[in-house]
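A short worksheet on the structure shown next.
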Amino acid sequence: MPLIDKTYRAKGLPDLYINLKGYLGSLEQTSDEGLRRTMETNFFGVWRVTQAIFPLICRLML
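Below, the structure written as C-alpha coordinates:
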(Lines of atoms letter the chains of each structure in order from A and count residues from 1; the text may use other names and numbers.)
(Lines give C-alpha, C1' and ligand atoms only; values in the text may rest on other atoms or scores of the structure.)
Protein backbone atom coordinates (compact mmCIF):
# COMPACT_ATOMS: atom_id res chain seq x y z
CA MET A 1 0.00 0.00 0.00
CA PRO A 2 1.76 3.19 -1.17
CA LEU A 3 0.55 5.38 1.71
CA ILE A 4 1.91 2.98 4.33
CA ASP A 5 5.28 2.74 2.56
CA LYS A 6 5.49 6.51 2.16
CA THR A 7 4.60 7.11 5.81
CA TYR A 8 7.11 4.51 7.01
CA ARG A 9 9.91 6.10 4.97
CA ALA A 10 9.07 9.55 6.33
CA LYS A 11 8.22 8.76 9.96
CA GLY A 12 9.31 5.19 10.72
CA LEU A 13 7.16 2.45 12.18
CA PRO A 14 4.33 3.69 14.40
CA ASP A 15 4.56 2.87 18.10
CA LEU A 16 0.92 1.88 18.12
CA TYR A 17 -1.50 0.63 15.48
CA ILE A 18 -5.21 1.04 16.20
CA ASN A 19 -7.63 0.23 13.45
CA LEU A 20 -10.98 1.72 14.36
CA LYS A 21 -13.62 2.48 11.81
CA GLY A 22 -17.25 1.67 11.66
CA TYR A 23 -20.78 2.78 11.22
CA LEU A 24 -24.22 1.20 11.13
CA GLY A 25 -27.67 2.66 10.81
CA SER A 26 -30.74 1.39 12.56
CA LEU A 27 -31.61 -2.24 11.90
CA GLU A 28 -35.08 -1.54 10.55
CA GLN A 29 -33.78 1.09 8.12
CA THR A 30 -30.73 -0.80 6.83
CA SER A 31 -31.18 -2.40 3.41
CA ASP A 32 -29.19 -5.36 2.12
CA GLU A 33 -27.11 -2.92 0.06
CA GLY A 34 -26.58 -0.73 3.11
CA LEU A 35 -25.43 -3.74 5.11
CA ARG A 36 -23.05 -4.73 2.30
CA ARG A 37 -21.51 -1.24 2.32
CA THR A 38 -21.27 -1.35 6.11
CA MET A 39 -19.43 -4.68 6.01
CA GLU A 40 -17.16 -3.35 3.27
CA THR A 41 -16.09 -0.52 5.58
CA ASN A 42 -16.27 -2.13 9.02
CA PHE A 43 -14.76 -5.51 8.20
CA PHE A 44 -12.98 -5.45 4.87
CA GLY A 45 -11.55 -1.95 5.34
CA VAL A 46 -9.89 -3.01 8.58
CA TRP A 47 -8.75 -6.27 6.97
CA ARG A 48 -7.12 -4.52 4.00
CA VAL A 49 -5.19 -2.02 6.11
CA THR A 50 -4.04 -4.79 8.46
CA GLN A 51 -2.88 -6.89 5.49
CA ALA A 52 -0.98 -3.90 4.12
CA ILE A 53 0.91 -3.05 7.32
CA PHE A 54 1.47 -6.59 8.62
CA PRO A 55 4.45 -7.46 6.36
CA LEU A 56 6.22 -4.26 7.41
CA ILE A 57 5.70 -5.01 11.10
CA CYS A 58 6.93 -8.60 10.66
CA ARG A 59 10.00 -7.49 8.70
CA LEU A 60 10.96 -4.98 11.36
CA MET A 61 10.49 -7.43 14.24
CA LEU A 62 13.15 -9.81 12.88
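Quick note: the sequence shown uses numbering that gives the first Met the number 0, first residue 0, plus one each step. Virtual Cβ for every residue (Gly too), placed ideally from N, Cα, C.
Could you give the residue range of the alpha helix (DSSP H) that holds residue i?
| i | result |
| --- | --- |
| Thr29 | Looking at the DSSP string, Thr29 is not in any alpha helix (DSSP H), and its letter there is neither H nor E. |
| Leu59 | Val45 to Met60 |
| Leu2 | Pro1 to Lys10 |
Is it buried or exposed for residue i, if we count other Cβ within 10 angstroms and need 16 for buried?
| i | result |
| --- | --- |
| Ile17 | exposed |
| Ile52 | buried |
What whole-angstrom Cβ distance do residue i and residue j have, given they're in contact under 8 Å?
| i | j | result |
| --- | --- | --- |
| Leu26 | Thr37 | Actually they do not touch by this definition, with Cβ atoms about 11 Å apart. |
| Leu12 | Leu59 | 5 Å |
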